Amino acid sequence: MEKFLRIEESSRPPMAMPKLHSHPHYEIYFLYAGSRSFFIESALYSITAPAILVVPPFAMHKTEGGAFRRVNIYVTESMLDNFQKEVLTSLSLSFVPLSDAQSAALLNILNLSLDHPLTEEHKHEVDKAKFDYFILTLYHFAENRLPQSVENEGGQASPLVTKAINYMNANYAEPLTLDDLAERIYATKQTLNYHFKKDLGCTPMNYLLRLRLTKVKELLATSDKSIEEIAEVCGFSSGNYLTLIFKQKEGISPSSYRKNRN
Numbered sequence: 015m016e017k018f019l020r021i022e023e024s025s026r027p028p029m030a031m032p033k034l035h036s037h038p039h040y041e042i043y044f045l046y047a048g049s050r051s052f053f054i055e056s057a058l059y060s061i062t063a064p065a066i067l068v069v070p071p072f073a074m075h076k077t078e079g080g081a082f083r084r085v086n087i088y089v090t091e092s093m094l095d096n097f098q099k100e101v102l103t104s105l106s107l108s109f110v111p112l113s114d115a116q117s118a119a120l121l122n123i124l125n126l127s128l129d130h131p132l133t134e135e136h137k138h139e140v141d142k143a144k145f146d147y148f149i150l151t152l153y154h155f156a157e158n159r160l161p162q163s164v165e166n167e168g169g170q171a172s173p174l175v176t177k178a179i180n181y182m183n184a185n186y187a188e189p190l191t192l193d194d195l196a197e198r199i200y201a202t203k204q205t206l207n208y209h210f211k212k213d214l215g216c217t218p219m220n221y222l223l224r225l226r227l228t229k230v231k232e233l234l235a236t237s238d239k240s241i242e243e244i245a246e247v248c249g250f251s252s253g254n255y256l257t258l259i260f261k262q263k264e265g266i267s268p269s270s271y272r273k274n275r276n
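Just add 14 to the spot in the sequence shown (first one is 1) and you have my numbering.
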């Protein structure tokens, strides 16, 4: 299985991620300055620094807002011990508000450096040690500050968008057109398109395709199902059609994606 750990710091002006996306690893989003709007799964909400949000593997998400400073930690599940898996699982799809002192303590852990240059191998070992200490410290902070559910904080996507997303999440394996979706949730196509573009920056059908491709990637990484079987359970008419769309959108064939993950 693919194994990696990457710690990435960024300071940016107001911006938005270009599109909804997902990935086969955890993302620990540590916002230490500014505020951001976050869409994840079917919730749209706001977080203000300092706070940490945990995005689990294969969860669709995007972020936008004003100027911010953050550290992202990307880590595959295969890099985690049992304790770390429990911590990240318990914090997934939620965020932990931090005090200024807690934020400073976590930043100090990530900013620890040695006085001499490191080889790539030693740099990885240092990053792993930082990560281990970071997760242990975050666990103690989260014990005293209950993680906030994404449903309980910040602004929600419009009820119509949430209803449509919930329907697609439950029925993505079925043939589904914009007419079908509008009929199922008692809305017009024009209204659906307007609210999806306003809240998510994409059309309902673009969201559905991204959802199906996310499910495909999850099955490629976690199952032995054939391409034909995956196409059938993810709403594609055939394995060949799935391969064509997957290569267009991901730049790689499903078989190559599976090989890279393993």
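No residue lacks a Cβ here, since even glycine has one placed at the ideal position from N, Cα and C. Being a predicted model, the structure only gives us computed values, none of them experimental.
- My understanding is that Ile149 touches Val85, with C-beta atoms under 8 Å, so please give their C-beta distance in whole angstroms. Val85 and Ile149 do not touch by the CB rule: their CB atoms are close to 13 Å apart, not below 8 Å.
- Query: Are three or more beta carbon pairs between the region 106-114 and the region 62-70 nearer than 8 Å?
  - Reply: Contact holds: three or more Cβ-Cβ distances are below 8 Å.
- Message: Please determine whether the Cβ atom of Lys144 lies at a distance below 7 Å from any heavy atom of the ligand ATP.
- Response: Summarising the ligand content, the structure contains no ligands, and the ligand ATP is consequently not present.
- Message: So the candidates are Leu256, Val175, Ser36 and Phe44; which of them puts its Cα closest to the Cα of Lys211?
- Response: For the set Leu256, Val175, Ser36 and Phe44, the Cα lying nearest the Cα of Lys211 is the one of Val175.
- Message: To the nearest angstrom, how far is the alpha carbon of Ser142 from that of Ser251?
- Response: First, the residue type needs correcting, since residue 142 is Lys and not Ser in the sequence shown. Their Cα atoms are separated by approximately 43 Å.
- Which stretch, first to last residue, makes up the beta strand (DSSP E) that contains Glu91? Where Glu91 is concerned, there is no enclosing beta strand (DSSP E), given that its DSSP letter is neither H nor E.
- Message: Within 10 Å of its beta-carbon, does Asn166 have 16 or more other beta-carbons around it, so buried, or fewer, so exposed?
- Response: With a pLDDT of 42 at Asn166, under the threshold of 50, the predicted position of this residue should be treated as unreliable, and no value is reported.
- Counting pairs of beta carbons, one from the region 213-221 and one from the region 233-253, are three or more of them closer than 8 Å? no
- Query: For Pro38, which of helix, strand or coil comes out of DSSP?
  - Reply: coil
- Could you round the C-beta distance between Thr228 and Phe72 to whole angstroms and report it? I think they count as a contact, below 8 Å. 6 Å
- Message: Given this structure, state the Cα-to-Cα distance separating Phe155 from Gln116, to the nearest angstrom.
- Response: 7 Å
- Message: Per DSSP, what are the beta-bridge partners of Lys76 in this structure?
- Response: Phe53.
- Item | Presumed contact (8 Å Cβ cut-off) between Met182 and Leu223, rounded CB distance | Not quite, the Cβ-Cβ distance comes to about 10 Å (not below 8 Å), so this is no contact.
- Taking just the CA atoms, how far does Lys231 sit from Ile42? 20 Å
- Three-state class that DSSP yields for Glu188 in the structure shown: Residue state, collapsed to three classes: coil.
- Message: If you follow the alpha helix (DSSP H) that Ile259 is in, where does it begin and where does it stop?
- Response: Run containing Ile259: Gly253 to Glu264, per the alpha helix (DSSP H) assignment.
- Give the secondary structure of Leu126 by DSSP, where H, G and I count as helix, E and B as strand, and everything else as coil. coil
- Message: Checking 8 Å against the spacing of the C-beta atoms, do Leu126 and Lys144 come in under that value?
- Response: Leu126 is a Cβ neighbour of Lys144, given a cutoff of 8 Å.
- Query: Is DSSP giving Ala196 helix, strand or coil here?
  - Reply: helix
- Task: Determine the burial state of Arg50: buried for a count of at least 16 other Cβ atoms within 10 Å of its Cβ, exposed for fewer.
- Result: buried
- Message: So, for Leu124: in the same chain, excluding its five sequence neighbours on each side, which residues have a beta-carbon less than 7 Å away from its beta-carbon?
- Response: For Leu124, where only same-chain residues beyond five positions count, the Cβ hits under 7 Å are Ile21, Val85, Lys144 and Phe148.
- Query: Near Asp146, what residues of its chain come up, given a Cβ to Cβ distance below 8 Å and the 5 sequence neighbours on each side ignored?
  - Reply: Gln98
- Neighbour-count burial assignment, Phe260, 16 or more Cβ in a 10 Å radius: Classification of Phe260: buried, given that the 10 Å Cβ count is 16 or more.
- Looking only at its own chain, which residues have a Cβ that is under 6 Å from the Cβ of Ile87, when we skip the five neighbours before and after it? Ile21 and Ile42
- Name the DSSP beta bridge partners of Pro111, please? Ala65
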